[in-house]
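Just below is one structure, and these are the notes that go with it.
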Ligand SMILES: Cc1cc2nc3c(=O)[nH]c(=O)nc-3n(C[C@H](O)[C@H](O)[C@H](O)COP(=O)(O)OP(=O)(O)OC[C@H]3O[C@@H](n4cnc5c(N)ncnc54)[C@H](O)[C@@H]3O)c2cc1C
Ligand code: SF4
Ligand code: SF4
Ligand code: SF4
Ligand code: FES
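Protein chains in written order, with my numbering: chain W, 1 to 274; chain C, 1001 to 1346; chain D, 2001 to 2343.
Below is the structure:
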């Protein structure tokens, strides 16, 4: 009998890190399966996390596939399930099913310059592919990250970003001025315009709130990027994760199965319903 | 296998099938609905269209997916709950409702097969009844590649020839049912075959409603995504669940955890029908809703059936049963909407 | 008698003079016998308007949509909406006014008297005609309807096909309007709560069995709620229609939203849904009977609301929808209110 796609596997939380506190808190969780750790996935894929009694939420895997002994998720507290996750402690158990979605076509990007553009929690899905590319740096061209959040406190992976700066170009931004902030002030799309990345032999990968994505694409188009050079992820409400419950569709595509990764060339052909 | 069954032998046949669960249309005051038959005598095949289609038997409105609990030493336990179904027969399936089942098969099959659906589906035998007169005044099966005597999706098709039924078995499952009561069946003679042909031909003429030119519709709909047409057509829509819950092809669902006790934790994960006409169907946790108005929701229903499904599976996701038309409280009429689409802007 | 031409003329003038944004009335449908709601924007489309004994819908419900739509618009058209109402519908308008859900100046009410009859119950009509197709149905001169079928005309007494709610209607006459068509009727019902008698004569156990059977059928399509002009809450106990999430809505608020009713259409949840709905309609339901009419499973929902209407009448002397300035039943307390049912 084939595996029942609706039944999650049990996993244990082995580490919790508070990334952002305050009204819109973000925590990063690392989990290990109770039975075999044989979970294979691609960068950009997601899983359905279960808190039994509360429900399920679709969350991107933020660790790279190369890391085998744990899965990492960075989660913004939004509602029922994510709040319950935020209340959990190390050792607590959750359910995981997946992986779902198409993931990023990183094999096709070999030899290209990769420009990662993220806003807020949007760094989570980027992180997996960024780490993967960084691990095989020699196979790619120049790697660059343009990342921003509302305030400096809202940036995720603060320490990791410091480390990252030693390995690749990182441009950070915050929306409004703060004392001590030395980098760009303004929204992420403005930072993109400001840094003028070159479209030559480049691929951009954008994740963040829908409104940010919209303006980043605009900024990139102004910098003469081709539609096919721009990749983004789409978010829609999800329940099944396997293209059956019918709610996450944009046109004939189910974002859970056929997405969430799209090039702008593909996405712009679909109804703009996300 | 083609056979003749005298009407007076019908009851005996059903009695021979006692090892199966039997569903058939039953009358409840003013309307018909499929129900489990306890006494074969209750079986009556004079039904008009049932309120709900037999999809509710194969894909029930509610089913438990799994159970979870923590025991005293707080060990979390999760148990898969698959339906334990006895083989069942559904009698009196209208050809449009039968054609809806292969469409559901596509959705619940594919990359991730849905074990809950297939457990029931594999054990269900569909015995159809051709519609000598249309069971609803809004039937339009002929417009969507169906017919009042379509065999698609059925194991057996029965046709009423007056004092006897013409019984055509279409699958091995169907043969089995006939073989259980072989002696009750006769071979059809030339006149029976002729009668069958005439009745079938006649039944097509009695379908009054139609979509003008369905071939152009998918392409036309694609062009009309942004059109103000949808605002106009949806003005009176109440955002209720009638058109979708009653539709034999609509398959959308929700999954929720239901708690019996919170400490120690005990509960179920349950799947229930859901539908694209409810505002919170697509509403994100942030309150953002990609389909926040009636227009976009009506458009989703029509486009899913007449554009997206075609693009994905090369079939219309509508079999022309007419339920959504007859039962819509404000008379939103899918045939009329599509005919207007066809003529829109010309 | 209501003159359709007069109705059209009135509507046309309103649109021509741009006094109203649009007019909500009735027009012929394509799906069968029943008329459908019409939203008339242009004077020339007034020709589509109809008025016949099947104009049963309570169009007041569309004021809820209008209000939501307007709230979203930056520069809304401030003109009123024209609305055609019968007696019961007009009382729904009054309840919405009483609850300050709508403003009087936002609606232009075209009242239609049901005169000595009322509207027809579609199901009774279909049964009566035994499969014959209705071509036309009109109000008769006296107390009945003239039904034309392919076999010619028949006169059907109203007692045979009148909607039950009309049989028990206490005012077949708009109680609030800007223009009125037709005359004030003389008929008064013998007993406005007659339909309850049978139910009330049953024992507690029998009633329990009855409702268990009925509510077990419910598929929770919420058509009953969706068609009801009083069910205008953005957040219902069963789901969210228009959840107002702002930047200030916290994750806790969303996470702690109580699930009063599970989505499963099982008896216990169906009971909670219907009883909460009934209680929330006490002193608000004006008995337009729409919830019962739209139910695809023919659940006799009107009983529930009618019973509460009777309680309100007997215990508090409260009639629903006659006076928009009177405090609503459930939001006011009086010294002399009976308390003996509180245990
Ligand atoms: C492909 C994809 C990847 C995502 N990756 C991340 C991530 O890495 N980190 C992160 O913090 N968030 C991510 N999200 C968003 C996250 O899924 C929602 O914030 C979360 O489901 C909200 O659930 P809740 O129970 O806390 O909220 P509630 O408001 O209680 O929502 C109830 C249920 O509705 C569904 N739902 C509601 N909103 C959404 C939504 N926006 N997306 C999907 N399902 C929703 C879920 O099933 C949820 O359990 C992702 C969403 C998608 C679609
Ligand atoms: S189209 Fe009709 S049945 Fe469907 S949601 Fe709208 S009002 Fe309900
Ligand atoms: S869309 Fe309407 S007519 Fe078509 S199958 Fe569904 S309910 Fe029947
Ligand atoms: S209309 Fe009928 S079936 Fe639908 S929710 Fe109301 S009572 Fe239930
Ligand atoms: S989440 Fe169910 S179809 Fe995508």
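Every residue gets a Cβ at the ideal spot worked out from N, C-alpha and C, and that includes glycine.
Proximity test, Cβ basis, 8 Å: residue i and chain D
{"i": "residue 82 of chain W", "result": "yes"}
{"i": "residue 1245 of chain C", "result": "yes"}
{"i": "residue 1144 of chain C", "result": "no"}
{"i": "residue 1068 of chain C", "result": "no"}
{"i": "residue 124 of chain W", "result": "no"}
{"i": "residue 1113 of chain C", "result": "no"}
{"i": "residue 23 of chain W", "result": "yes"}
Contact check, residue i vs residue j, beta carbons under 8 Å
{"i": "residue 1316 of chain C", "j": "residue 1229 of chain C", "result": "no"}
{"i": "residue 1330 of chain C", "j": "residue 2036 of chain D", "result": "yes"}
{"i": "residue 106 of chain W", "j": "residue 70 of chain W", "result": "no"}
{"i": "residue 1059 of chain C", "j": "residue 1251 of chain C", "result": "yes"}
{"i": "residue 174 of chain W", "j": "residue 112 of chain W", "result": "no"}
{"i": "residue 2294 of chain D", "j": "residue 2227 of chain D", "result": "yes"}
Within-8 Å CB hit, residue i to chain C
{"i": "residue 2215 of chain D", "result": "no"}
{"i": "residue 2205 of chain D", "result": "no"}
{"i": "residue 2077 of chain D", "result": "no"}
{"i": "residue 6 of chain W", "result": "yes"}
{"i": "residue 56 of chain W", "result": "yes"}
{"i": "residue 208 of chain W", "result": "no"}
{"i": "residue 2199 of chain D", "result": "no"}
{"i": "residue 2001 of chain D", "result": "no"}
{"i": "residue 245 of chain W", "result": "yes"}
{"i": "residue 2429 of chain D", "result": "Nothing can be reported for residue 2429 of chain D, as the shown portion of chain D is limited to 2001 through 2343."}
Beta-carbon neighbours of residue i, restricted to chain C and to distances below 8 Å
{"i": "residue 2223 of chain D", "result": "1238, 1240, 1241, 1242, 1329"}
{"i": "residue 2148 of chain D", "result": "By Cβ distance, chain C contributes nothing, its closest Cβ being about 18 Å from residue 2148 of chain D, past 8 Å."}
Buried versus exposed call for residue i [16 or more other C-beta atoms within 10 Å across all chains shown]
{"i": "residue 3 of chain W", "result": "exposed"}
{"i": "residue 1155 of chain C", "result": "buried"}
{"i": "residue 2147 of chain D", "result": "buried"}
{"i": "residue 2275 of chain D", "result": "exposed"}
{"i": "residue 2201 of chain D", "result": "exposed"}
{"i": "residue 198 of chain W", "result": "exposed"}
{"i": "residue 176 of chain W", "result": "exposed"}
{"i": "residue 28 of chain W", "result": "buried"}
{"i": "residue 218 of chain W", "result": "exposed"}
{"i": "residue 1193 of chain C", "result": "exposed"}
{"i": "residue 1268 of chain C", "result": "buried"}
{"i": "residue 257 of chain W", "result": "buried"}
{"i": "residue 1141 of chain C", "result": "buried"}
Amino acids of chain C, ordered along the chain, whose beta-carbon sits closer than 7 Å to that of residue i
{"i": "residue 274 of chain W", "result": "1290"}
{"i": "residue 93 of chain W", "result": "1076"}
Chain W within 8 Å of residue i, Cβ atoms only
{"i": "residue 1080 of chain C", "result": "yes"}
{"i": "residue 2254 of chain D", "result": "yes"}
{"i": "residue 2312 of chain D", "result": "no"}
{"i": "residue 1253 of chain C", "result": "yes"}
{"i": "residue 1256 of chain C", "result": "yes"}
Distance between beta carbons of residue j and residue i, contact taken as under 8 Å
{"i": "residue 2109 of chain D", "j": "residue 2129 of chain D", "result": "Not really, about 34 Å apart at Cβ, beyond 8 Å."}
{"i": "residue 95 of chain W", "j": "residue 1078 of chain C", "result": "7 Å"}
{"i": "residue 2165 of chain D", "j": "residue 2088 of chain D", "result": "7 Å"}
{"i": "residue 1089 of chain C", "j": "residue 1177 of chain C", "result": "7 Å"}
{"i": "residue 195 of chain W", "j": "residue 146 of chain W", "result": "6 Å"}
{"i": "residue 246 of chain W", "j": "residue 253 of chain W", "result": "No, residue 246 of chain W and residue 253 of chain W are not in contact; Cβ-Cβ is about 12 Å, not under 8 Å."}
Contacts of residue i in chain W (Cβ-Cβ under 9 Å)
{"i": "residue 1283 of chain C", "result": "237"}
{"i": "residue 1084 of chain C", "result": "Within 9 Å Cβ-Cβ: nothing; residue 1084 of chain C doesn't reach chain W, min ~14 Å."}
Interface partners of residue i on chain D, CB under 7 Å
{"i": "residue 79 of chain W", "result": "2251, 2254, 2255"}
Contacts that residue i makes with chain D (C-beta to C-beta distance below 9 Å)
{"i": "residue 1231 of chain C", "result": "Residues of chain D passing the Cβ test: none, with the nearest at roughly 10 Å."}
{"i": "residue 219 of chain W", "result": "Under the 9 Å cutoff, chain D gives no residues; its nearest Cβ is about 24 Å from residue 219 of chain W."}
beta-carbon residue i near ligand 7 non-hydrogen atom, thresh 7 Å
{"i": "residue 1329 of chain C", "result": "As far as ligands go, the structure on display features ligand 1, ligand 2, ligand 3, ligand 4 and ligand 5 and does not contain ligand 7."}
Cross-chain neighbours of residue i in chain D, by beta carbon under 8 Å
{"i": "residue 1336 of chain C", "result": "2030, 2031"}
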